[in-house]
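There are 6 protein chains.
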Amino acid sequence: MYTVRVRDHFMIAHSFRGEVFGPAQKLHGATYVVDVEFRSTALDDNGIVVDIGLATDTMHRILGELNFRNLDEEPSFKGRNTTTEVLARTVFDRMAAAISNGDLGAGGRSIESMRVTLNESHVASASYEGRL
Amino acid sequence: MYTVRVRDHFMIAHSFRGEVFGPAQKLHGATYVVDVEFRSTALDDNGIVVDIGLATDTMHRILGELNFRNLDEEPSFKGRNTTTEVLARTVFDRMAAAISNGDLGAGGRSIESMRVTLNESHVASASYEGRL
Amino acid sequence: MYTVRVRDHFMIAHSFRGEVFGPAQKLHGATYVVDVEFRSTALDDNGIVVDIGLATDTMHRILGELNFRNLDEEPSFKGRNTTTEVLARTVFDRMAAAISNGDLGAGGRSIESMRVTLNESHVASASYEGRL
Amino acid sequence: MYTVRVRDHFMIAHSFRGEVFGPAQKLHGATYVVDVEFRSTALDDNGIVVDIGLATDTMHRILGELNFRNLDEEPSFKGRNTTTEVLARTVFDRMAAAISNGDLGAGGRSIESMRVTLNESHVASASYEGRL
Amino acid sequence: MYTVRVRDHFMIAHSFRGEVFGPAQKLHGATYVVDVEFRSTALDDNGIVVDIGLATDTMHRILGELNFRNLDEEPSFKGRNTTTEVLARTVFDRMAAAISNGDLGAGGRSIESMRVTLNESHVASASYEGRL
Amino acid sequence: MYTVRVRDHFMIAHSFRGEVFGPAQKLHGATYVVDVEFRSTALDDNGIVVDIGLATDTMHRILGELNFRNLDEEPSFKGRNTTTEVLARTVFDRMAAAISNGDLGAGGRSIESMRVTLNESHVASASYEGRL
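Protein chains in written order, with numbering that gives the first Met the number 0: chain P, 0 to 131; chain W, 0 to 131; chain E, 0 to 131; chain L, 0 to 131; chain X, 0 to 131; chain S, 0 to 131.
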């Protein structure tokens, strides 16, 4: 199995509902350093899993839809906590939709699974991984 | 599959028995920077894998039982080499017991598997992973 | 010259005023991974620059006064942009006051200079350094 | 499952054929920081996955066969793009052959799978993993 | 003193002349992960050292003039070894010229000194720092 | 000013005397990931600060004199705490002596200052810097 990983980041404000979150129930924020891993059992004729230029641009566009926002005001997250886990799933789902849409080129369709990791500090991260 | 990862560290002295260890047969020591990954296929109603506050506190307590010790004198390791692999397994087993004991709350019981990684330097680490 | 460095982090929401900030004029947020460096030309009788336990606790308290806040609503920043540079200076000034106040013990008074670095992502940081 | 990871690096020149590579079609180069992970379900009597000294030396020898080369002129890569993915597979295959050859000692034969990751910058890497 | 640091990278081929370089006399290559630090004793009215958008874009343009090249064929390096030290100085000089040219805006003219660090692997780097 | 930095590590056991150290008064240990920075205002005719091969070998030999030891039993540290600060100074002094002895070649004599940093975990380090 081959894996290609690319990294980018976004910066948001949000708050959480639920006593389990303690002081994080107040409005605060985070930088998320994001790793997206694309996996495939075979390489194409060029010797790559995916066009890394298209993958990087698509990732930047998807993170750009979250970057510099207050997620408490984003309709797509209405009624849900935007935890690191939930945001990892969100980036996964949006990248999966982009791949399905052909944004990573014909080669993108050979990607079999992905793992999206959001690093929120030097001591914590959350990931979502799954098949496409 | 969702994963949440938290990081902490501990510092110990020990020595190894066996020619394979060369100069590490002498009393020396290590800093272990530890990553514990908790995995679950679903999030709870709060949108999290586990209460990260409880997870962090429990990890700190478990590492505290090893921190600032000479492992050669710890009864629980009597007759065994405390290699990075063995210590990764030890942290895994103790965290699994804590989860079973309810230390991570009711939500901790939905954790399906864990991976524990001990980074011993900038060029080496060992991990143990398994189902709960 | 000796330097001791300790690391911790805090997570905040804020927005900036000024066209130079582009989309960062909107409410967003950041994780700041903070390094505080304490510098002294001599070590004390114990062989240390400063009691690292007191230094770590004091740093955690100072960052705790910022952590999980919306800095746009903090009176101490009224009328100012809470840029990474300004926040580095803020942490520096508060740590300098704590040292002056004796929070790092008698040994803290031998600290001659400090450098405070706030890492805001994997590609950017800001620092403030100065004499005490 | 236990994993042991060791890190080393190599520095090469190469160029790629195919429009997908854009400016990387020109002769350029890369530093690859390499992580090799060795996996086994059980530890030997010493409490280790593998003799890390032999593993490190073998890895250094394998990377040494690539280090300080222009890969465009290496017969073993004739007619193929030496992408990060292809090089990860190359290191995997050569390490697998070394294990089969006994270079990691008798204990090396209990290694069940490996993962080889080549980090090409602070924002990109590629891996190949498989069973032995 | 305030410092702002931004990171980017470039990938090149080159060879060195001189017995001191051993096998690096052959054509090989490197990824350089570059940190540029801008220093100023005062912040502007926005609370910043420099417009980080302009700084990032200018850095990317300067590194782009080196990226994906065989430096042995670049006229600007004719007769010189493109060591990590020399390349750090090159990036420094080109950034200094850009600042002088107004590429970082009027605010860029208040930058008093810079440090440019090129990380060539996980175990080595070189820097050049100086006043403007 | 040019700086070249190289990294290596060593692993030791030790204990501290003094109430300020709390539980670290017991025998424990540490991995120290060491950065040595060599500084010079000018490059030699090869375009380098120092022969990095000789610098790396000399550093490895100096750290080898500490590696896999119980520092409590080393005569050279008798009656002193081997804190991270003290060990940074020790490495500095031994490297300075090696440079003076010609171990880094004739070029080593143009090194004007050094900084030695010992990273003891992901959250703490100590350095010693000075002129030669």
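Don't be surprised by glycine CBs; every beta carbon is placed ideally from N, CA and C.
Span separating the alpha-carbon of residue i from that of residue j
i                     : j                     : result
residue 94 (chain P)  : residue 61 (chain P)  : 7 Å
residue 5 (chain W)   : residue 97 (chain X)  : 43 Å
residue 87 (chain W)  : residue 67 (chain S)  : 21 Å
residue 46 (chain S)  : residue 84 (chain P)  : 49 Å
residue 26 (chain L)  : residue 14 (chain L)  : 4 Å
residue 130 (chain X) : residue 58 (chain E)  : 32 Å
residue 77 (chain S)  : residue 82 (chain W)  : 29 Å
residue 65 (chain L)  : residue 75 (chain X)  : 29 Å
residue 1 (chain W)   : residue 117 (chain P) : 11 Å
residue 7 (chain P)   : residue 102 (chain L) : 39 Å
residue 71 (chain P)  : residue 71 (chain E)  : 16 Å
residue 73 (chain E)  : residue 42 (chain X)  : 21 Å
Minimum C-alpha distance to residue i - residue among the options
i                     : options                      : result
residue 123 (chain W) : W:21, W:5, W:46 and W:33     : W:33
residue 106 (chain S) : S:90, S:71, S:35 and S:44    : S:44
residue 36 (chain X)  : X:10, X:29, X:63 and X:55    : X:55
residue 3 (chain L)   : W:130, W:120 and W:131       : W:120
residue 91 (chain E)  : E:110, E:75 and E:114        : E:114
residue 108 (chain L) : L:74, L:48 and L:127         : L:48
residue 104 (chain E) : S:30, S:1, S:10 and S:19     : S:19
residue 40 (chain P)  : P:112, P:25, P:125 and P:53  : P:112
residue 23 (chain S)  : W:89, W:22, W:28 and W:116   : W:28
residue 126 (chain X) : X:26, X:21, X:31 and X:70    : X:31
residue 128 (chain S) : S:89, S:100, S:102 and S:101 : S:89
residue 50 (chain X)  : E:38, E:21 and E:72          : E:21
residue 100 (chain X) : X:53, X:74, X:9 and X:11     : X:53
residue 17 (chain X)  : X:80, X:116 and X:110        : X:80
residue 12 (chain X)  : L:69, L:7, L:38 and L:42     : L:69
residue 10 (chain E)  : E:63, E:110 and E:73         : E:63
residue 110 (chain X) : X:8, X:38 and X:7            : X:38
Coarse secondary structure for residue i, derived from DSSP in three states
i                     : result
residue 14 (chain X)  : coil
residue 71 (chain P)  : helix
residue 92 (chain P)  : helix
residue 36 (chain X)  : strand
residue 19 (chain P)  : helix
residue 84 (chain P)  : helix
residue 53 (chain W)  : helix
residue 108 (chain S) : helix
residue 98 (chain X)  : helix
Bridge partners - residue i, DSSP secondary structure assignment
i                     : result
residue 123 (chain L) : P:5 and L:120
residue 60 (chain S)  : Bridge partners of residue 60 (chain S): none, in fact.
residue 29 (chain X)  : X:11
residue 115 (chain L) : L:35 and L:127
Near the ligand GDP: residue i beta-carbon under 8 Å from a heavy atom
i                    : result
residue 81 (chain S) : Of ligands this structure carries none, so the ligand GDP is not represented either.
Exercise. Using a Cβ-Cβ cut-off of less than 8 Å, give me the residues of the region 54-87 of chain X that come near chain L, in sequence order.
Key: If the cut-off is 8 Å between Cβ atoms, the region 54-87 of chain X has 66, 67, 68 and 69 near chain L.
Practice problem: Give, in chain order, every residue of the region 4-35 of chain S whose Cβ lies closer than 7 Å to some Cβ of chain E. | Solution: 17, 19 and 21
Quiz item: Between the region 106-124 of chain W and chain S, which residues of the former have a C-beta closer than 7 Å to a C-beta of the latter?
Solution: Per Cβ criterion, the list reads 119, 120 and 121.
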